[in-house]
Each structure stands twice: as C-alpha cells, then as structure tokens.
Amino acid sequence: MRIILLGAPGAGKGTQAQFLMGKFGIPQISTGDMLRSAIKEGSDLGLAAKRVMDEGKLVSDDIIIGLVKERITREDCEDGFLLDGFPRTIPQADAMKEAGIVIDHVIEFDVPDDVIVERMSGRRVHPSSGRVYHVSHNPPKTEGKDDVTGEDLIIRDDDKEETVRHRLSVYHQQTKPLVDYYAEEADEGNCAYHKMDGTKPVDQVSEELDELLS
Ligand code: AP5
Ligand code: ZN
Numbered sequence: 001m002r003i004i005l006l007g008a009p010g011a012g013k014g015t016q017a018q019f020l021m022g023k024f025g026i027p028q029i030s031t032g033d034m035l036r037s038a039i040k041e042g043s044d045l046g047l048a049a050k051r052v053m054d055e056g057k058l059v060s061d062d063i064i065i066g067l068v069k070e071r072i073t074r075e076d077c078e079d080g081f082l083l084d085g086f087p088r089t090i091p092q093a094d095a096m097k098e099a100g101i102v103i104d105h106v107i108e109f110d111v112p113d114d115v116i117v118e119r120m121s122g123r124r125v126h127p128s129s130g131r132v133y134h135v136s137h138n139p140p141k142t143e144g145k146d147d148v149t150g151e152d153l154i155i156r157d158d159d160k161e162e163t164v165r166h167r168l169s170v171y172h173q174q175t176k177p178l179v180d181y182y183a184e185e186a187d188e189g190n191c192a193y194h195k196m197d198g199t200k201p202v203d204q205v206s207e208e209l210d211e212l213l214s
C-alpha cells in the first residue's frame with residue numbers, strides 16, 4: 001500500500017501516520033522528520049535546511065526529491081510506505097510520476113487555517129519516534145513525556161505563530177495545487193483520492209481512515 005498524506009501544516013498528517021503505520025505495517029516517510037534529523041546531526045544538509053525551515057519556507061525540490069528517492073528504495077518499503085509532507089510542490093509530484101512510482105491512495109486532510117494556528121500552539125513532539133501530542137486535544141499520559149519511552153517532549157522551532165502563518169501561506173501557494181493534480185490523477189484511474197474532514201477528533205479521523213482503507 002502506497003499512500004500520500006496531503007494537508008496543511010498541522011492538519012494531522014503525522015498523527016494519522018502513526019495510526020496507519022500500525023494498521024498496515026508500512027513505514028512513515030516524513031520529509032520534515034528527515035530534515036530535522038539532519039539538523040540534529042549537524043550535516044551540511046541540516047545546516048542548509050535549518051535556515052529555510054525556521055523561516056517557514058520550502059527546502060529545494062532537488063534536495064527533497066533526492067532524499068525521498070533514496071529512502072523508498074530501502075528494504076522496509078517493499079510492501080509500501082506512507083508519504084507525509086511529500087510531495088509538496090508540482091515538480092515534486094512530477095518527479096515521482098516520472099520515476100514510475102505508483103500511488104494507491106491520496107488522502108487530503110481538510111482543516112481551516114484558524115484551527116491550525118490553535119493546534120500548533122499546543123503541539124508537543126517526540127522527535128526520535130515522530131509521535132505527536134497536543135496539550136489538550138491529544139495529551140500524553142504524563143505531562144511533557146512520551147507515552148512509550150517516557151522521554152521529554154519538545155516544541156518544534158517552526159511552531160511560533162508567525163512562522164506557522166508563513167507556512168500556511170506557502171501551503172496555499174505551492175502545495176494546495178496538488179489537490180487538483182491528484183483529483184485529476186484519480187479521474188484518470190491512476191490512484192484513489194479521499195478528502196477527509198480533519199477537524200474531527202483524532203480517534204474519529206482514524207476510524208474513518210480505517211473504514212476507508214479496509
Ligand atoms: P513538516 O514536518 O512536514 O511539517 P508540515 O507539513 O508543516 O506539517 P506538520 O508536521 O506541522 O503537521 P502535521 O500535518 O503532521 O500535523 P500533526 O499530526 O503534527 O515540514 C516542516 C518543514 O520542513 C517545512 O516547513 C519545510 O521547510 C520542510 N519540508 C518538509 N517537507 C518538504 C518538502 N516535501 N519540500 C520542501 N520542504 C519540505 O498535528 C498538529 C497538532 O494538531 C498536534 O499537536 C496534534 O496532536 C494535533 N492534532 C492532530 N490531529 C488532530 C485532530 N483531529 N484534532 C485535534 N488536534 C489534532
Ligand atoms: Zn508532521
């Protein structure tokens with residue numbers, strides 16, 4: 001099963017990726033998480049990406065396409081994968097198509113901007129696993145700690161309100177066109193396209209996904 005999770009920053013891609021990984025036993029490929037690990041390692045890629053990400057802009061298509069192409073050739077992707085945060089521009093989607101990578105399902109999470117801004121202010125993450133929490137909508141069992149490892153949760157550097165608003169405008173300009181792109185792909189029979197109401201509670205969105213993909 002090859003799935004693309006599409007939606008604005010904070011729409012719930014990472015949250016539902018955790019559910020879908022458990023359901024299908026396929027890996028989550030989050031380009032944002034890959035870039036954040038590169039920053040932590042202090043690699044050249046990390047150094048270049050940090051400035052761009054802190055401003056809420058997009059990292060260059062060439063770098064991202066290279067990262068994803070390398071990642072999906074690994075053994076754990078044999079039975080499929082979940083793309084979270086990729087593709088995010090038309091050239092990224094075209095590159096995948098040109099590489100002959102077939103997608104089964106594209107899932108769009110629809111959430112209005114004002115809901116997103118509120119969500120991001122309460123987000124807490126466990127960087128090494130990708131698990132995502134929210135102080136009130138999806139709280140950890142112990143405040144500030146990951147449920148599985150007990151390690152500290154952190155606030156992402158790009159979750160400042162001003163950066164979130166910039167990320168939203170970048171989303172509307174550069175990523176939203178992918179909604180029409182994949183709707184057209186679905187019309188041509190190349191994939192299935194599903195639009196979900198991402199404002200429903202986390203468990204309800206997971207239940208709807210479960211039904212949709214069973
Ligand atoms: P990335 O890490 O991909 O960030 P994003 O797309 O902006 O998305 P987020 O991770 O912020 O949100 P999400 O949809 O995963 O929501 P989440 O589940 O966490 O990218 C970061 C940066 O990296 C980019 O800005 C760019 O610079 C660069 N980058 C990455 N990919 C790139 C690419 N392909 N090309 C170029 N540059 C790239 O949920 C958010 C919060 O809401 C959480 O607190 C959660 O608990 C809560 N929540 C989730 N669902 C619900 C719900 N149903 N109800 C209530 N609360 C909910
Ligand atoms: Zn995410």
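Using UniProt numbering, read the sequence shown as starting at 1 and increasing by one per residue.
Think of the CB as a built atom: it goes at the ideal place given N, C-alpha and C, for glycine as much as any other residue.
- Cβ contact annotation for VAL68 (same chain, cutoff 6 Å, sequence separation greater than five): PHE86, in chain order.
- At least one heavy atom of the ligand ZN is found less than 7 Å from the C-beta of LYS13.
- In this structure, VAL125 sits away from LEU82, with a CB-CB distance that is not shorter than 8 Å.
- Look at MET196 here: in three-state DSSP terms it is strand.
- By the Cβ neighbour-count rule, LEU47 is exposed, with fewer than 16 other Cβ atoms within 10 Å of its own.
- Within the UniProt region "NMP" (30-59), complete alpha helix (DSSP H) segments of at least 4 residues are found at 31-41 and 44-54, given in chain order.
- Under DSSP, VAL125 takes part in a beta bridge, and its partners are VAL132 and ILE154.
- For LEU20, the enclosing alpha helix (DSSP H) stretches over residues 13-24.
- According to DSSP, VAL179 shares a beta bridge with no other residue.
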